[in-house]
Every structure is written in C-alpha cells, then in structure tokens.
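Undergrad:
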Amino acid sequence: MISQYDRKSHKVSHYSANACLAPLVSLHGKAVTTIEGVGSARTRLHAVQERIVRAHGSQCGFCTPGMVMSMYTLLRNDPQPDMSNVLQYLSGNLCRCTGYRPILEGFRTLTKEAQGPCGRKNCCRLNGTSSSTSKDDEITPQTTTINTTDAGNRHSLPHENGALEEDLTQVDHLFDPSEFEPYDPSQEVIFPPELKIRPDLDTESLQFVGPRVTFFRPNNLQHLLAIKDLYPNAKIVTGNTEIGVEVKSKKRLCPVLVNPTSVPELIEVQIDDLGVTVGASVTLTALENTLRKIVDSKPEHKCRGFAAILEMLQWFASKQIRNVAALGGNIMTASPISDLNPLLMACGAQLQLQTERSKRRIKIDGSFFTGYRRTAVSLNEILVSVHLPYTNKDDHVVAYKQARRRTDDIAIVTGAMRVTFHPGTHVTRNLTLAFGGMADRSVLATKTMSALQGRPWDASVMDVASPMLLEDLPLDPWAPGGKVEYRRVLSLSLFFKFFLRIKGELSKTLPTVVPPLTSSELAVSQVYQERPYQSTQLFQKVNKNQDPLDPIGRPVVHAGARFHATGEATYVDDIPSMMNELQAALVLSTRAHAYIRSLDASRALALTGVVRVVSASDIPADRNVTGVEERDEEVFAGGRVHHVGQVVALVLATDLNTARRATTLVRVTYEDIKPAIITLKDAIREKSWWDPPRLLRKGDTEAALSDSAHVVEGELHIGGQEHFYLEPQGSLAVPHENDEMEMFVTTQNPTFVQEKVASVLDVPWNRVTVRVKRIGGGFGGKETRIITHALAVAVAAKMMNRPVRCVLDREEDMSLTGTRHPFFVKWKAGVSSEGVLTAVRMFLYANAGYSLDLSTSVVDKGLLSCDNCYRCPNIELSGFTCRTNLASNTAFRGFGGPQVTLAVEDMMERIANSLGMDPTLMREKNMYHPGDFTFYNQLLPDFTGRRCLNQVMSQADYTKRRLLVDSFNRESRYKKRGLAATPIKFGFSFFDIHLNQAGALVHIYKDGSVLVSHAGMEMGQGLFTKMIQVASRVLEVPMEKIHTPETSTALVPNTSPTAASISSDVNGMAVLKACQTLRERLRPYREQNPKGRWEKWVVQAYNDRVSLSATALYKIPGITNFDFEKNEGQPFSYFSCGAAVSEVELDTLTGDHEVLRTDIVMDVGESLNPAIDIGQIEGAFMQGLGLLTLEELRFSNSGVLLTRGPGAYKIPGFDDIPKEFNVSLLRDSPNPKAVYSSKAVGEPPLLLATAVFLALRDAVAARRKDFGLKEDFQLNSPATVERLRLACKDHLSEQVPKIEQGSFAPWDVTV
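Listed below in structure tokens is the structure:
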C-alpha cells in the first residue's frame, strides 16, 4: 500500500500497486506499507488477516499477502465498504487454490452487507422446505454409530446427519463471524508526520543515476521539456505499467526514464464550459473519480462520453494498475488493442502537445495513430493534457469491449461509437466508429461512417453497415493476435449492439418514429451489470458428544494460514541469501528441433559479476542424461534441442539481474531439423508416438456396433492447461563437506529430486538431503519437472563449491515445465433405441511433448476413465502417447481424467441429442449401480454416483429450472441460457504399485510437545493440518501441542510423490499407526494415573526409559498392477463420486458468458476437515472451469509458446466464480479403506466443471436451433468466447468470409 498526503484536501490517500512494477525511486516522499506492517502471527493479526485465516481463505498462501494488502488498502480508504468495492479492489489479485469463495466470505464480514456467511436468508437447502426436496435430501436428526476397531478407519463417536431445527445455524457455516475482532480504524498506524510537513519532498526535482539507467523527476514543465529535448528517446513513465513489463519480460533497456508526476500541468484537472482537461499524468483512478463527480452533477446529455469512459474504466486492467497508470501513458503507448484509445477517438478528445520551442493542439482521429505503436507526436514533444468535450442532446456515445475474461484482461476487440443526429430526428448528422484490435493501430471505419451519414436510424443501417465494416476492417488470415474470423464477426456484433442501443434511446425521445426495443434486444444492447454473489456450504457435523479436543470432522483452520496472512511463511526464494551464494539464470533454446552448432559465452563472461557459464561440456555425458520413466532427457541440451525453452546453459553471477542480463549475451547457433512436430495433427500425420499404443478391450465392439439400433460418431479436442501455481519453480543448492548437497526445492516429490541429484552428482543418495517447507501451489506441475533446472543448479553448486539459487520467472516457468496434456479424442458409439449404450470405440491421442515423463500413466488414467459413471458391455480403446517438439507435458490435477471425462460426457450429450432424448435421462439409463463391475472388471461395492446426481438435481431444483431455461430461451433471441447436470467417478491410487505407501516419524518431547514428520509435503491442500488432526485424535492431545516443521528426506526416507489425491490416505494411516504405537507405550501411565496430565505421563515414560519416538509404514492393500492386454488387475483402491448442476447465460453476439449458478454434491466419505475439503472442491472446480472455458494455450507454428505470463494467459478471477455457488458433502458415505472413513478429495471435483462446459453447449444449441441448425455440433475445449461465438451461427457471422485452412501460415496453432 502506498500512502501520500494531498496538500489541497489535507487528507491522506492510500492506494495499492503492483510491487514488481513500482520503481523504488518513484516512491520518494510517500509512505509504503507492506504485509509486515499490517499484523503479525507473533503478536496480533489485523482484522483483515484474521478474516482470511479463519474464513479458510488461504491454502498454499502464496497469494494471501496480496489479498490482505488489497483489502487493507480498501479499509484504510473506507472503513465500511460494500461488496462491490471489495470486488473492485481485488480485481488484480489471483488465487489458484481456493476458488475465491472463502476469501469473499471472510471479507464480507467487514462490509455493509455483513449478514453471516450464507449470503441469503431461509435457505431451503438447510430447512428442507424446497418443493423439490426428496427423501434423500431431508435433513433429519439421524445418528450412525460406527465400529472403532478397524485400524482407525471409523469414527469413534456417532455423527449427526444434518441438524435439529434449533441447531440449523451450526450446520452450514465453516466459521463464526461473531468471533471476529471488530475492525477499529482508529488503531491503524498513522501516516508519518514528517511527510505531512515536508512539501518539498513532493515538489523537489530529483535525478538518480545508475550504471545503466538515469531517472529524472522534474518539478516543472520547462525542466521536463528540457530533458525531453536533450534526450528525445527518453521514456516518460508515470505508473511504469507498460515499460516495466517490457523491461522485465523483454529485457528491454531504457537508458533515460522521466517521471512527470511532480509537474503541475501534467497532474491537474480543469473543468470548464466546454468539458474537462486532464493532465497527461493524471492516473486512471483519479480520472474515474473526476468523471464520476461530473456525471453525478451535470445533465445526463452532457456526460454521455464521460459515462462511456467510466464504463470502460470498470473493465480496464485492475484497480492496482489504474491506481498508477496515467491517461497520457495509455494514449502514447498506442497499443492496437487499447481499451481507451478508440473511445477517446469517438469522444473527439484533443491533445495539448509541447516542446521547448512550440506547442500545438491536435485531435485523436484517424490520422493520429500512424502505425504499430506509433503516433503523430514527434520525439521531442510532451503530451501535456487531454481535453474531453461535453456531448449534447443529439450525441450518443457507446463503447463495448470483448476480452477472454471480463476483468483485468486485454481486449480482443474494442468498439467505440458515437452518433450525432439532426435535432429532433433520427437522421444521422455525424458518425464516428472507432475500433481497437482490428488493425496494427486503433482505426476508424471511415467508409461506413460516410455511408451512414444522412441515413435514418432504421433497419437499413445494418444492411448498409455490415458489408462496409468488413471492407473497412480487413484482417489477413495470418494477422498477429490470431482469432481473425472471430474478430471480424465481433466488429459486426459490437456495431449491432450499438445500433440496438441507440435505437432504444431514440424510441424514448421519438416513440412515434422509432419503435421500442424488444426485451431480447434491450438485454443484449446494455452493458454488463454485475449480479450479487451468494453461496452455501453444507456438511455433516460432528456429534455433540464428541470430545471438544477431538478435531476430526471439524472445520479446523489451515495450520499455516496465520503465517500466510502475515507474510511470515517461508518459501524457497524467502530463504535469506547465504555466504558466497551465486544466482543462476537459464539460457533457453529458441528452436523447437535443431542441432546446436556452437555456444559462445564470451560476451556473457565479460560482464562484470558473471562468474561462470555452465553447459553440457562441463558434465560427463553419462551424467548429463536424466528423465522420469525413461532416461530420455538431458540436464543441459548437448548436441540438439527438442523444444523451444529447453535448458542449454546456466549463467552464474553475483546477483540475479546480472545473471539474467548475461543470458541474452550467450550466443547459440542452431541448424534446424525437419520436421518440427508441434500439434497433435502433426503427430498423427507423422505417426509420432511411443510404441506400442495402449489397447484395452472388453466384449466384441465391432459386432455390437453392427447390431446397434443407432450409431453415433464424434470427436473432441481438449486443450492443455498451464499449472499457473502462484509460486514459480525454484531451487537452492547448498554444498557441504563429504560430497553432501542440501537442496531446498519447490517440489511435490523430494525423493525423486534426491535420486536425480545423486545420479547427476555421482554420489550415494544419503549425501543428498531435500527439504521442502511448503510450496506455493503444485497441482502436479512440481512432481517431476523440477528436473528442468534443479539438476543444473546442483551441478553448478558442486562445481563452484558455493550455494547456487535459481528461481524461475513466470515466463521461463511456463516455457520449460510443461502443461496438462492436450487430448484429441475420436469416438464411435452404438446405442439401443431406448438410449442404452451397447458399444463404444474410442481413440485417445495425448500430446506428451518431447520426453515421456509421466505421459504413459496419464494416457492409462485416461483409458480407465472412459466409462466415467456408465456401463457399456463392449468397449474398445486405443491410447496414443504422442511425441512432439514441445516442452514435456506432465502431471496435472486429474492426470488424464478430466480430458477423457469431458469427452465421455460430450459423447453422452451428443448421443442423447441424436436420439431426441433428455441427456439426464440418457445418463440415468446407463449409470452404474452399487455392486456393478467396471469395464476393466473392478467391483464398485459402494458406487455413490447415482446418489450424488439425484441429490444435486433435487437441491438445484433441476426439473423446474430446466423448464425456466427453455422458457427463457424461447423469449430471448440474443442471450441464451444453458443447464447441465453431470456425474463423475474417480479412482484412487498410483499405477506404480510401489508408490502406494507412506512413512511417518513421530516424536514426543519431554515437555509433552509432539513433532510429526511424514512422507507428504504441504502445497496448500492442508495435508499438514489433517495429519496434525489425526495425531491429535489418536494421542488425545490438543492440536496446539503438535507441529510438523517440513518434509525432508533426512526425516522420512523413500517418499512417494505428494500426488494422486491419496496423500491424506497413506500418510494419515502412517501417522495413525505411529501414534497408536506411542499411545500404547503411554497406556500404563495413563492407567496408573487416569486423572493425570499428558505432560506428567510423558515425563514418567521418559524416566522409565520408554522410547517416545515411533515410525510406521502404511501401504495400500488390495491393489495390483493392471494388465491392459488381458484386462486384468485391481488398479484402484476405491472410488469417489460427485455431481454438479450448472446454469450459464451466454451472449450469443460475442461469446461472453457467466455462470449463474453451480450446485455440487461431492462424496468425500467422512470428512476429516470440512473446511479444507470444501476448499479443495471449490478450488478444483474453478481450476476445471478455467480448463474448460478460459485457459487457452497458443503456440506459434514454430513451437513458441505465445501465451506466456499473466498478461497473455488468463486463469479465472473473482468475477468468474458462479454467482450462486452451493457445495454439499454427501452424507453417510463412510470409506473403510482410508483414515477415519474419509475419502480423497484433491482431484475429482475438477471434473465437475464439465457441467459448465455442457451448459454452455446447451446454450449454443438453443441459439443454433433458432436458425434451424442441427443441434449436434462439435465444440472443442476450452469453450472460449471465440469458439462460443463462432458456434452461434447467425446473420452476422454468415457475412464474414470463411478462411480456407492450409492456404497460409497461421499466427498461432492449437496443439
């Protein structure tokens, strides 16, 4: 938070900013508050920190300080904000773990809307009054007593199922807001008095000179003009939101930077009779505040341009960016996809330009932007101010922006349009149509403007405008940015929205001339209106007789949350620098498939601070080889590279900036190898896959297909997904005596790192210790791909005998660590006339990248997911692990299950449509029953899929809402709604049988404190918390006495990866066994003194020389290796099921959409911790939502990842969560195969986002039905705004010429 004193208003203002973009020198004279200045886990949590902790709003914790600072800043400005303010202030914050709901619920308690965590009163899901409530859904006071002798697999006490009427408040909340300390703004840290009495700090001229960059802060206009005259190429920087990104990501050097925020003429706002003149360095937030005051105080017709700007600013970047970015910077950046520049053109904005010798005033019109990021402003000119004129009664200004994500995203296309009518008529006098995203600059549709001038505003406007717009706004098929057809369709769609909007306005003033809009037209022409958010969480509460100290089944707060919220949690890059530590940066390949012909590091080594450049020549060839399933990778690329982003060398330097700068000086020459296989289509064409393909058969599929009453065929492409854990991968290698190497790494798999480091260093495993305190998210991405750089770091540390640290930046991480596997699925299904499956043939193709990694297992998991929840007597499956020239794709939450589950559910939907059958009925007819066998011959003794689906459909009132959705779609032409219900089934275990084990080590110290170590590591999923809960129950001591410090190969050896969702299962049982051993050793002392204290028993045992340390190993029983050829084996320990109902609303003109409501019922057995489990469900669901609707990996046809970094790759944000989000844990579903009857929860809920995808498909089908198009169509994943709009064929999209594929080299490709 940055605070400054306004000497005009005599008030202190606070604003949040992105620390990575804020130059330290720009903060002169301001107060800076970081997370450390807000509260501390050692002393006292601030109210904001307390909320996010106790509302369970922190999982991995890496994003938590940012959340706290944004909310803290809001409270400093407004001690009692409303939720709309909260959402605005959090718009620039991302979380990959929680799904956002608990963060909002916690912060809601600090707002005006604070009414408890539910968000709505008299919830029918809690009191059983819903008209559709079935017997299965009634909440009645039932109890279940479960035996406790089964190795700790059952609760020791009965559990109430639901609650008595007088208890209802206890069943649906995960925290009690009444327990929070009230927020007291009077207790905040005061603004530094010295800054108030030192106006010179604001106004003095500053100059900072560094070895490569000089920074000026002039304090008057003449000084600024003189600097610009002396340094014409100097960059004028206000918020550094553009230059900062280029310096960081593109390694751009800007020798002279000038900050004009102390120049009065550039920071003042003047309002007169003609409009408002805004200084070029006025921030967008200040501009927003000014225009809002004007709009609130002036006649509406004078402020139509201002109102359009305000609407656009709502979606412009994030609050943190708007707080520092300036209006002038936005103009001079001249981005072709600018949000504001087309709107400034439409508003007739004028610019005041000045040099030392002259000044001029020019208009932002069609001649202002002269090319890609070029303007008519000369090098030595300064943009001083921007004049925004008032509008008149005959002016109408509207702007629309379409992006991939509604908030904090760059535009795909922006349309800003202004029309002026002859007074008292609907005949156009002037028209301005400005577009961004349709050329290499912001442009005017001049021919269309001329053609429509003097024309009445009636239906003929669209007839004339549509072909003219296509002529005005041509795009080459290979145009940068891609999405060419979509962008052209959007230009028509946005103009059509404008046409309707203006028609609606005219109908109010000229009702006898212009007919009113239909409700459908009115809805689609208006700008987006935020809907209120609400949620419920329903879980089985513990029995009132359960010991209050027994934490099992209770919503216990994450053990690390306090430290997350205060910034005290330690991650790899938080470890203080060690003596003689070197910083490492990677030299990455720039070719997808090529021989390395030379590597010249001489220029890099000449740079002061560079110590060494390490490459393949510095390590014996046999030790340069590594890999996961096979030894098919290299630590450093030697003779050839196999993908863009492969590690070629490592630069070691005394500081990180020097190391990174030196990487650009290493010259590598390549000779390309043809072909470079990038896409799955390339791989299939070249037959590039690991042999042999995996085959799995049951029954006689060919005969069954021939005998089937109906045969349906289809295919689906499911895109990959970037893990986007908030903490990038990093390693710190510390060499010690006797060939010892201590590794601090961001890994889910410490033993794997230990093994690979030992191999590359040629030392025994016992010389390598791998330590993991916590990691900031993993999701499978940190299971194996740590070898992309950690081994190189270890080699360098041993070579130099100095500590070496390498933490990847976001773009590096995304370039070399791989993603979720893209899949291409082809299927053919036979079905009876009644809708019963008779046969399925399916081909799965997975894009594995250049090395095998875990891809075979991913395909195997996909093959065993081809039934989801459905019986089929005849199945024939083929799985192809395709080799391509991409970074090696790897494990990701769900491990092949999400891709194939989507394909199966899409298949079921399309079969049902082909039969004219309700898809939910089709599913019901084919679902497993308890006691059925899967197609791979595994028994489903307690299949709960039907229960989950029936319960969620009842709770969601599916039948009634289906009728309402259909009714809405009949009435609404341009907006459509979709509704879908989907079940999921997910099996748990590692396919490598030896991995299904875990060890634990438990110490009891003489003071009674307990230390628990085990094989799992903490990445936000709450494993440490659950293990402490298990130990607490077994030992019967409070959780506060138990601690888990870290995961270390020196404490528990031979650990399996923390993956496959089973870590709570195996580690929980290991901890339980070790604690039972200790409890048994202490039993005599308890019996001798049953009223004694824990600490006394421990001391007595110690004095009797009884060991207070115990180890245990647990291995999952009953599973066996699966033989795909014979279709034999027991691949899974057990299954979990769930179901979801989702409703969406789709703008068929743009593809924009939102999830109106999602209901989830998930089977987690007897939950160890409902707060953590519900958090996992919501977080996984939102990650699945991103996979299936938003997150799109785009590559160039030469294999370069184009969607690198958060600017180009978008994950869901706060605004993307369902507007109503209801999660229930299935009751009475104990699991005898896991600790305390629980079930794994990490991965399965991600598959539930399939309901959103199918609901969108349902909405598209409704639109296509209006045009007489067949309902069966292919909608690939992710269902982006582009794919959705193009699937909604209509009179506008049909006017855009289709692009002939293969006739050009596209800007991007789908891999």
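47 is the number that my numbering gives to position 47 of the sequence shown; each next residue is one higher, with no gaps. Just so you know, even glycine gets a beta-carbon here, dropped at the ideal spot from N, CA and C. As the structure is a prediction and not an experimental result, all values here were calculated from the model.
Quick one: give me the first and last residue of the alpha helix (DSSP H) that Pro342 is part of.
TA: Counting from 1 along the sequence shown, the entry for residue 342 is found at position 342. That run of the alpha helix (DSSP H) goes Asn341 to Cys347.
Undergrad: Which of the three DSSP states, helix, strand or coil, is assigned to Gly1207?
TA: Translated into the one-based positions of the sequence shown, residue 1207 becomes position 1207. In this structure, Gly1207 counts as helix in the three-state DSSP scheme.
Undergrad: Within this structure, are the beta carbons of Gly29 and Gln4 separated by less than 9 Å?
TA: Residue 29 sits at position 29 when you count from the first residue of the sequence shown. Residue 4 sits at position 4 when you count from the first residue of the sequence shown. Yes, the Cβ-Cβ distance between Gly29 and Gln4 is below 9 Å.
Undergrad: Please go through the same chain and pick out, in chain order, the residues whose beta-carbon is closer than 7 Å to the beta-carbon of Phe496, but skip the five residues on each side of it.
TA: Within the sequence shown, numbered from 1, the residue matching residue 496 stands at position 496. Same-chain partners within the cutoff: Met462, Leu1149 and Leu1292.
Undergrad: Quick check: Leu1185 and Asp1216, are their CB atoms within less than 9 Å of each other?
TA: To locate residue 1185, count along the sequence shown from 1; it is residue 1185. To locate residue 1216, count along the sequence shown from 1; it is residue 1216. Yes, the pair counts as a contact, with Cβ atoms nearer than the cut-off.
Undergrad: Could you check whether Val524 and Lys975 sit closer than 9 Å to each other, using their CB atoms as the reference points?
TA: Position 975 of the sequence shown holds residue 975. Position 524 of the sequence shown holds residue 524. Yes, they are a contact pair.
Undergrad: What residue range is occupied by the uninterrupted alpha helix (DSSP H) comprising Trp315?
TA: For the purposes of this step, residue 315 is taken as residue 315 along the sequence shown, with counting starting at 1. No alpha helix (DSSP H) contains Trp315, which DSSP labels as neither H nor E.
Undergrad: Tell me where the alpha helix (DSSP H) around Ile331 begins and ends.
TA: In the sequence shown, counting from the first residue as 1, residue 331 sits at position 331. That run of the alpha helix (DSSP H) goes Leu327 to Thr333.
Undergrad: Just curious, the beta strand (DSSP E) that Lys976 is in, first and last residue?
TA: In the sequence shown, the residue the question calls residue 976 occupies position 976. From DSSP, the beta strand (DSSP E) with Lys976 extends over Lys975 to Phe988.
Undergrad: Which same chain residues end up closer than 7 Å to Ala151 when comparing Cβ atoms and leaving out the 5 residues on each side of it in sequence?
TA: The residue labelled residue 151 in the question sits at position 151 within the sequence shown. Unreliable positioning characterises Ala151 in this predicted model, as indicated by a pLDDT of 37, which lies under 50. The coordinate reading is nonetheless provided below. If we look at Ala151 and ignore the five residues flanking it on each side, it has no Cβ neighbours.
Undergrad: With 16 as the cutoff for other CB atoms within 10 Å, does Pro532 come out buried or exposed?
TA: Position 532 of the sequence shown holds residue 532. Answer is exposed; the Cβ neighbour count stays below 16.
Undergrad: With Ile362 as the anchor, note down where its alpha helix (DSSP H) starts and where it stops.
TA: For the purposes of this step, residue 362 is identified with residue 362 of the sequence shown, where counting begins at 1. That residue, Ile362, is in no alpha helix (DSSP H); its beta strand (DSSP E) goes Lys359 to Lys363.
Undergrad: May I ask you to report which of helix, strand or coil DSSP gives Phe935?
TA: As a working mapping, residue 935 is identified with position 935 in the sequence shown. In the structure shown, Phe935 sits in coil (DSSP, three-state: anything other than H, G, I, E or B).
Undergrad: Rounded to whole angstroms, what's the CA-CA distance from Gln1029 to Ile410? Just pull it up for me.
TA: As a first step, residue 1029 must be located in the sequence shown, where it is residue number 1029. As a first step, residue 410 must be located in the sequence shown, where it is residue number 410. Near 45 Å, if we compare the C-alpha coordinates of Ile410 and Gln1029.
Undergrad: Pull up the distance between the alpha-carbon of Pro898 and that of Leu1246, whole angstroms please.
TA: On the sequence shown, position 898 is the one that residue 898 refers to. On the sequence shown, position 1246 is the one that residue 1246 refers to. Approximately 7 Å between the Cα atoms of the pair.
Undergrad: Do you know how far the Cα of Thr333 is from the Cα of Pro372?
TA: Taking the first residue of the sequence shown as position 1, residue 372 is located at position 372. Taking the first residue of the sequence shown as position 1, residue 333 is located at position 333. The displayed chain sequence assigns Tyr, not Pro, to residue 372. Rounded to whole angstroms, Tyr372 to Thr333 spans 10 Å at the Cα level.
Undergrad: Beta-carbon separation of Thr746 and Gly719 under 9 Å?
TA: Against the sequence shown, residue 746 aligns to sequence position 746. Against the sequence shown, residue 719 aligns to sequence position 719. No.
Undergrad: Counting beta carbon pairs with one atom in the segment 1193–1210 and one in the segment 1138–1158, are three or more of them shorter than 8 Å?
TA: No, the segment 1138–1158 does not touch the segment 1193–1210.
Undergrad: Out of Val384, Leu379, Tyr725 and Glu188, which one is the CA nearest neighbour of Gly37?
TA: To locate residue 37, count along the sequence shown from 1; it is residue 37. Selected option, being the one with the closest Cα: Glu188.
Undergrad: What is the DSSP secondary structure of Phe369, reduced to helix, strand or coil?
TA: Stepping through the sequence shown from its first residue, residue 369 is reached at position 369. Residue state, collapsed to three classes: strand.
Undergrad: Is it a yes or a no for the segment 629–642 touching the segment 1259–1274, going by three-plus beta-carbon pairs under 8 Å?
TA: No: fewer than three Cβ pairs fall under 8 Å.
Undergrad: Do the segment 992–1012 and the segment 514–522 meet, that is, are 3 or more Cβ pairs less than 8 Å apart?
TA: Flag = no, the segment 992–1012 and the segment 514–522 do not touch.
Undergrad: Count the other CB atoms within 10 Å of the CB of Phe1267; is the residue buried (16 or more) or exposed (fewer)?
TA: Walking along the sequence shown from the start, residue 1267 turns up at place 1267. Per the 10 Å Cβ criterion, exposed.
Undergrad: How big is the Cα-Cα spacing for Asn85 and Arg455?
TA: Taking the first residue of the sequence shown as position 1, residue 85 is located at position 85. Taking the first residue of the sequence shown as position 1, residue 455 is located at position 455. If you take the alpha carbons of Asn85 and Arg455, they lie about 43 Å apart.
Undergrad: Does DSSP put Arg597 in a helix, a strand or coil?
TA: Here the question's residue 597 lines up with position 597 in the sequence shown. Strand at Arg597.
Undergrad: Exposed or buried, what is Ser833 when buried is set at 16 or more other beta-carbons lying within 10 Å of its beta-carbon?
TA: Counting from 1 along the sequence shown, the entry for residue 833 is found at position 833. So Ser833 counts as exposed.
Undergrad: Looking at the unbroken beta strand (DSSP E) that takes in His736, where does it start and where does it end?
TA: Sequence index remark: in the sequence shown, residue 736 carries index 736 (1-based). Note, His736: premise wrong, no beta strand (DSSP E); not H, not E.
Undergrad: Is the beta carbon of Ile678 closer than 9 Å to that of Ser1198?
TA: The count along the sequence shown starts at 1 and reaches residue 1198 at position 1198. The count along the sequence shown starts at 1 and reaches residue 678 at position 678. Yes, Cβ-Cβ distance for Ser1198 and Ile678 is below 9 Å.
Undergrad: Going by beta carbon distance, what residues of the same chain come within less than 8 Å of Thr626, once the five residues before and after it are set aside?
TA: Translated into the one-based positions of the sequence shown, residue 626 becomes position 626. Answer for Thr626: Glu633, Glu634, Val635, Lys756, Ser759, Val760, Ile787 and Leu791, listed in chain order.
Undergrad: Do the segment 345–353 and the segment 383–394 touch if we need at least three Cβ pairs shorter than 8 Å?
TA: Flag = yes, the segment 345–353 and the segment 383–394 touch.
Undergrad: Since Asn430 sits in a beta bridge, which residues does DSSP pair it with?
TA: The residue you call residue 430 lines up with position 430 of the sequence shown. In the DSSP output, where bridge partners are listed per residue, Asn430 has Thr420.
Undergrad: Rounding to the nearest angstrom, what Cα-Cα distance links Arg1033 and Gly553 in this structure?
TA: For the purposes of this step, residue 1033 is taken as the residue at position 1033 of the sequence shown. For the purposes of this step, residue 553 is taken as the residue at position 553 of the sequence shown. Spanning the two alpha carbons is a distance of roughly 11 Å.
Undergrad: So within the segment 549–605, which uninterrupted alpha helix (DSSP H) runs reach at least 4 residues, ignoring any that extend past its ends?
TA: The segment 549–605 contains these whole alpha helix (DSSP H) runs: 561–566 and 602–605.
Undergrad: Under the DSSP definition of a beta bridge, which residues are partnered with Asn1222?
TA: In the sequence shown, residue 1222 corresponds to position 1222, counting from 1. Note: Asn1222 sits in a beta bridge opposite Thr536 and Asp1159.
Undergrad: By the three-class DSSP mapping on this structure, what secondary structure does Thr819 have?
TA: The residue labelled residue 819 in the question sits at position 819 within the sequence shown. The answer is coil: DSSP assigns Thr819 none of H, G, I, E or B.
Undergrad: According to DSSP, simplified to helix, strand and coil, what is Ile1128?
TA: The residue labelled residue 1128 in the question sits at position 1128 within the sequence shown. Reading off the sequence, residue 1128 comes out as Glu, not Ile. If DSSP states are grouped into helix, strand and coil, Glu1128 belongs with the strands.
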